[in-house]
Structure formats: structure tokens, C-alpha cells
Amino acid sequence: QVLSITCDNASNNDTMIEALGDSDNVPLFSGQASRTRCVAHIVNLMAKSLLKQFDPPRHKSNDNRGPDDD
688 QVLSITCDNA
698 SNNDTMIEAL
708 GDSDNVPLFS
718 GQASRTRCVA
728 HIVNLMAKSL
738 LKQFDPPRHK
748 SNDNRGPDDD
């Protein structure tokens with residue numbers, strides 16, 4: 688019996704969950720209602736997004752100058 692599947696937010700996992708929900712081989716599995724999103728993955732994405740705000744600003748490169756610009 689498969690009651691729930693834990694996975695990250697990748698779109699290919701959505702396809703897998705829908706296919707399993709439509710399958711007669713897994714009778715108790717009810718598609719998206721049986722999906723559990725990985726909390727550790729969600730917390731990791733939130734932390735990365737928060738910490739990205741503290742990255743130093745990028746400076747424009749001057750590599751596109753011509754030979755006479757020196």
C-alpha cells in the first residue's frame with residue numbers, strides 16, 4: 688500500500704503523482720491529496736532566498752571597451 692509520497696517541488700514529481708493517482712495498481716493513493724512536500728527542501732529554498740538578499744552587489748564589467756579607450 689502507498690498512502691503518501693514525499694518529494695520536492697520539481698514538476699516531474701507532479702507528473703508522477705498524477706500518474707499514480709490515475710493508476711488502478713495503487714488503489715488507496717489519491718493523487719495530489721496523497722503528496723507530502725519535503726519540509727527540509729522548502730526550508731532550504733526559503734533560507735537561500737533570504738540569504739541572497741545579503742550578497743554583495745555585482746559591478747558591471749568593463750571588458751567591452753575598445754583598444755582606444757585606455
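So for the sequence shown, the numbering used here puts the first residue at 688; every next one is plus one.
Note that CB positions come from ideal geometry on N, CA and C, so glycine has one too.
For this session: Can you have a look at Phe716 and say buried or exposed, based on whether 16 or more other CB atoms are within 10 angstroms of its CB?
Result: Flag for Phe716 reads buried.
For this session: Measure the Cβ-Cβ separation of His728 and Asp695 and say whether it is below 8 Å.
Result: yes
Problem set entry | Member of Val726, Asp742, Gln688, Ala697 whose CA lies at the smallest distance from the CA of Gly708 | Gln688
Problem set entry | Beta-carbon proximity list for Cys725, same chain, < 7 Å, skipping 5 on both sides | Thr693, Cys694, Asp695
Exercise. Are the beta-carbon atoms of Ser691 and Ser721 separated by less than 8 Å?
Worked result: yes
Problem set entry | When Val730, Arg745, Ala706, Ser736 are compared against Gln719, the one with the closest alpha-carbon | A check of alpha carbon separations from Gln719 across Val730, Arg745, Ala706, Ser736 identifies Ala706 as the nearest.
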